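Residue 710 in the numbering used here is what sits at position 553 of the sequence shown, and the numbering runs on without skipping anything. Note that beta-carbon positions come from the ideal geometry of N, C-alpha and C, so glycine has one too. Quick caveat: nothing in here was measured; it's all calculated off a predicted structure. This report concerns only the one structure given below.
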Amino acid sequence: MAPRRLSETPIVIVGAGAAGLSAALALAPQPVIVITKTPSLTSGSTPWAQGGIAAALAADDSACLHHSDTLEAGADLCDPTTSQMLTEDGPRTIARLLTLGMPFDRADDGRLAMAREAAHSRARVVHAGGDSTGKALAETLIAQVEATPSIQVMTATTVVDLALDGAPDQRLRGLLVHGPQGWQMIAADAVVLASGGMGMAWQETTNPAENTGDGLAMAARAQVLLADLEFMQFHPTALRVADSSGARLPLLTEALRGAGALLLDGQGQRFMVGEHPLAELAPRDVVARAVGLRQAAGEDIFLDLRPALAREGAAHFPQVLESCHAHGLDPSLGPVPIAPAAHYHMGGVVTDPRGRTSLPGLWACGEVACTGVHGANRLASNSLLEALVFGDRVASDIVLALADGRLPPRPGPRMQTLPQVADPAACAEITATLRQIMSRHVGLIRDHQGLTTAADALADLSARFDALPKAAASVETVRPWAETRALLTVAPLVVQAALQRQESRGAHARLDYPERRADHRQRVTLRLGDPATPAQIAPLPGDTLPLPTRSLL
158 MAPRRLSETP
168 IVIVGAGAAG
178 LSAALALAPQ
188 PVIVITKTPS
198 LTSGSTPWAQ
208 GGIAAALAAD
218 DSACLHHSDT
228 LEAGADLCDP
238 TTSQMLTEDG
248 PRTIARLLTL
258 GMPFDRADDG
268 RLAMAREAAH
278 SRARVVHAGG
288 DSTGKALAET
298 LIAQVEATPS
308 IQVMTATTVV
318 DLALDGAPDQ
328 RLRGLLVHGP
338 QGWQMIAADA
348 VVLASGGMGM
358 AWQETTNPAE
368 NTGDGLAMAA
378 RAQVLLADLE
388 FMQFHPTALR
398 VADSSGARLP
408 LLTEALRGAG
418 ALLLDGQGQR
428 FMVGEHPLAE
438 LAPRDVVARA
448 VGLRQAAGED
458 IFLDLRPALA
468 REGAAHFPQV
478 LESCHAHGLD
488 PSLGPVPIAP
498 AAHYHMGGVV
508 TDPRGRTSLP
518 GLWACGEVAC
528 TGVHGANRLA
538 SNSLLEALVF
548 GDRVASDIVL
558 ALADGRLPPR
568 PGPRMQTLPQ
578 VADPAACAEI
588 TATLRQIMSR
598 HVGLIRDHQG
608 LTTAADALAD
618 LSARFDALPK
628 AAASVETVRP
638 WAETRALLTV
648 APLVVQAALQ
658 RQESRGAHAR
668 LDYPERRADH
678 RQRVTLRLGD
688 PATPAQIAPL
698 PGDTLPLPTR
708 SLL
C-alpha cells in the first residue's frame with residue numbers, strides 16, 4: 158500500500174518550537190507547512206524554558222564579551238565563527254521580539270531587567286514573567302504564526318522519514334508522514350529540521366515527552382553527517398521527586414543561583430566554593446559533576462532558594478514555586494532536594510553557518526542542529542537565542558536559494574513502501590528499558606566498561622524491537638512506534654561518540670580518561686551505518702570550520 162500524496166509545497170518545517178516558528182515567520186510570504194506531532198503548536202522544550210535569552214544589551218557589556226563567555230563555557234570546542242554570529246545577532250533578536258510584543262520584564266526605570274546566570278561575566282539575560290520566558294516566547298510566536306496566512310500547520314502528525322531518491326546521488330524528495338488522514342507523502346523543495354532534542358533517552362530528564370530525537374534519527378537514517386553527539390548537558394538542579402515514573406523532572410532554573418540560591422550538602426554546608434572560583438555560578442558541567450559525584454557516593458544535595466526569593470521576590474519564580482508546591486515542598490521554609498538531569502543536547506545534525514546540512518535541500522536549526530555554537534557545554538540562556546538567530550538564518554538562506562535557483566531539481570514523485578508499526582505497549586516497555594540503560598551507563602559520568610555494556614544492551618534491545626508484534630497504523634500507534642525507533646537509532650550513536658572521545662571535556666566526563674586532551678580538540682563526526690570510515694565535515698564554498706573535524710576513529 159502506498160501513501161496518499163499531499164499537494165506539493167516549496168518548504169516544510171518539522172517542529173513547532175522557537176526555531177521552527179521563527180523560521181516560518183521569517184519565510185513569509187513564502188508558502189510554508191509546519192508539522193508537529195503534538196495536538197497543538199504549544200510543544201517541545203520552548204514553553205518549558207525557565208531561563209531567559211542572553212544578549213549583550215547593557216552599557217558595560219558587548220557582543221565580544223558574550224562571545225568570550227560562550228567560548229569559555231564551551232570547553233575550547235565552540236566554532237568561533239558561529240558563536241560570533243550568535244552573540245552579534247543577540248541585541249537585534251531582542252529588538253525584533255519587542256516589535257512582536259514579547260512581554261519582557263522591566264526594571265523600575267522602565268529598561269529591560271537583566272539577570273546574571275552561571276558562567277556569564279555580565280548580567281545579560283532577559284526574562285519574561287520571571288521564570289516563564291519560554292512560555293511567553295512560545296505564545297508570542299504562535300500568535301504571529303496564527304496570524305500569518307502563508308503558514309499552514311499540521312498537528313498530530315508524525316514525520317517518520319525523509320523521502321530520498323535512490324543511490325548513488327541521494328536527493329531529498331520530501332517527507333513520509335502519518336497523521337489523522339493516514340499515511341502521506343509531502344513533496345518539498347526545502348525541508349527544515351527544527352524538531353528539538355533527545356532528552357527522553359535518559360530516565361532523569363527535564364525534557365517534555367515529545368523530545369525523542371526524531372529529527373536527528375531521520376537525518377541519521379538518510380546518511381546525513383552528525384557531530385558532537387556525546388555532549389548531553391545535564392542540568393545540575395532538577396527537583397528530585399520520589400517517583401517521577403519517567404516523566405520530566407521539574408527544572409529549578411539557573412536564574413535562582415544567579416539571584417543567590419545556594420547549593421548545600423547533606424550537612425547543610427556549601428560545597429561549590431571549593432570546586433570552582435565562581436562557586437554556584439560555575440559552568441553547568443562543573444556544577445552538575447560536583448552534585449552528581451556526591452550523590453553517587455550516597456549523599457543528598459539540596460538547593461536553598463531562600464536567598465533568591467528574598468532578593469527577587471516570589472513573583473519572579475512562579476514556575477519554580479508551582480513545581481515545588483505540587484510536590485509538597487515549601488522552599489520558603491528550607492532547602493529542596495535536587496539532582497542532575499538530562500537537559501540539552503549540544504550535538505546534532507552538522508550545519509554550516511547558514512543552517513545547511515550535508516544533504517542538499519535539508520536545513521536544520523535549534524537543538525536538533527549542531528552549529529558548533531555550544532561546543533562541549535552550552536552557556537546558560539544561549540539556547541533560545543540560538544533557536545531564534547539560526548531559525549532566521551535558515552529562512553534567509555532558503556529564500557535566496559529559491560530566488561537564484563540553487564536548489565537541486567526535485568526528483569519526480571515516487572511512492573515508497575510503508576513501514577510496519579509495532580504494538581504501543583511493547584514499544585513503551587522498550588523505551589523504558591532504553592532510558593534506564595542510558596542513565597545507568599551513559600549519564601553524567603562514563604567509562605569504557607559502562608559504554609560497551611550500553612552498546613551491547615542497546616543492540617539487544619534493537620533486535621527485540623524488530624521482532625515486536627505488528628499493529629495497524631493509526632495516530633495512536635504510529636507516534637509511539639516512531640519515537641521508540643528514533644531513540645533506538647540515536648542512543649547507540651551517542652554511545653559510539655562517547656567511546657571515541659577518550660577524554661573529559663565539558664559535558665562529557667569519563668572516569669577512565671579524567672583529563673582534557675589537546676589532541677582531542679576536534680569534533681567527533683558520524684554517519685549511521687559507516688562507523689569504520691573516518692568522516693569529514695566538508696565546508697561549503699566560502700565557509701570555514703576552524704576546528705579540526707576528522708573522526709576520532
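6 Å Cβ shell around residue i - same chain, five flanking residues per side excluded
i: L656; result: L608
i: A643; result: T369, G370, D371, A374
i: H665; result: E387, F388, R658
i: G600; result: none
i: Q380; result: R684
i: V530; result: T239, S240, L243, E543
i: A526; result: G505, V506, T508
i: D288; result: Q207, T410, F474, Q476, V477
Which listed residue (the options) has its alpha carbon closest to that of residue i
i: I555; options: D457, D322, A345; result: A345
i: N368; options: S289, A276, V546, S202; result: S202
i: P196; options: V647, Q653, E633; result: E633
i: A558; options: D262, A395, R511; result: R511
i: A232; options: A439, R468, Q301; result: A439
i: T314; options: D371, R674, T528; result: D371
i: D613; options: L650, A384, C584; result: L650
i: T362; options: L406, D457, E432, A624; result: L406
i: E640; options: G518, G532, G353; result: G353
i: R253; options: S489, P626, V546, V599; result: V546
i: Q476; options: G291, V171, R273, T199; result: G291
i: R621; options: E586, R603, H392; result: E586
i: H502; options: G356, S289, P365; result: G356
i: P393; options: E411, D461, P671; result: E411
i: R667; options: T297, D676, V681, H598; result: H598
7 Å Cβ shell around residue i - same chain, five flanking residues per side excluded
i: A212; result: G247, P248, T250, I251, R281, V283, L542
i: L184; result: I168, A552, I555, V556
i: R468; result: A416, G417
i: R648; result: Correcting the residue identity first, residue 648 is Ala in this sequence and not Arg. Same-chain partners within the cutoff: A358, L591, M595, L615.
i: L564; result: D346, A347, G518, A558
i: R674; result: E660
i: A377; result: L383, T646, V647, L650, L685
i: T305; result: L182, A185
i: S278; result: L222, D226
Three-state secondary structure (DSSP) of residue i
i: W638; result: helix
i: A689; result: Confidence at A689 is low in this model, with a pLDDT of 37, below 50, so its placement is unreliable and no value can be given for it.
i: H500; result: strand
i: R658; result: coil
i: V632; result: helix
i: P167; result: strand
i: D318; result: strand
i: A521; result: strand
i: A212; result: coil
i: V681; result: coil
i: I602; result: coil
i: E229; result: helix
i: A552; result: helix
i: V530; result: coil
i: P494; result: strand
i: R592; result: helix
i: K292; result: helix
i: Q577; result: coil
i: Q301; result: helix
i: Q309; result: strand
i: R597; result: helix
i: H665; result: strand
i: G505; result: strand
i: R513; result: strand
Beta-carbon contacts of residue i that lie in its chain and below 8 Å, excluding the five residues immediately before and after
i: A628; result: V578, A579, D580, P581, T634, W638
i: A727; result: Any property of residue 727 remains undetermined from this structure, which presents the chain solely from 158 to 710.
Whole-Å CB distance - residue i paired with residue j, under 8 Å assumed
i: L421; j: R427; result: 6 Å
i: L234; j: G663; result: 7 Å
i: A293; j: P260; result: 6 Å
i: A654; j: L685; result: Not a contact, Cβ separation roughly 12 Å.
i: V191; j: V334; result: Actually they are not in contact, since the Cβ atoms of V191 and V334 sit about 12 Å apart, beyond 8 Å.
i: T166; j: T312; result: No, T166 and T312 are not in contact; Cβ-Cβ is about 16 Å, not under 8 Å.
Within-9 Å CB hit, residue i to chain B
i: A232; result: Annotation note: the requested chain B is absent from the structure, which comprises a single protein chain.
| request: List in chain order: all unbroken alpha helix (DSSP H) runs of 4+ residues lying wholly within the segment 327 to 408. | output: Runs found: 371 to 378.
| said: Quick check for students: name the residue ranges of the alpha helix (DSSP H) that lie wholly in the segment 410 to 467, counting only runs of 4 or more. | reply: Taking 4 residues as the minimum length, the alpha helix (DSSP H) runs contained wholly in the segment 410 to 467 are 411 to 415, 441 to 453, in order along the chain.
| Runs of alpha helix (DSSP H) lying entirely within the segment 232 to 281, each at least 4 residues, in chain order | Taking only runs of at least 4 residues, the alpha helix (DSSP H) segments lying wholly in the segment 232 to 281 are 237 to 256.
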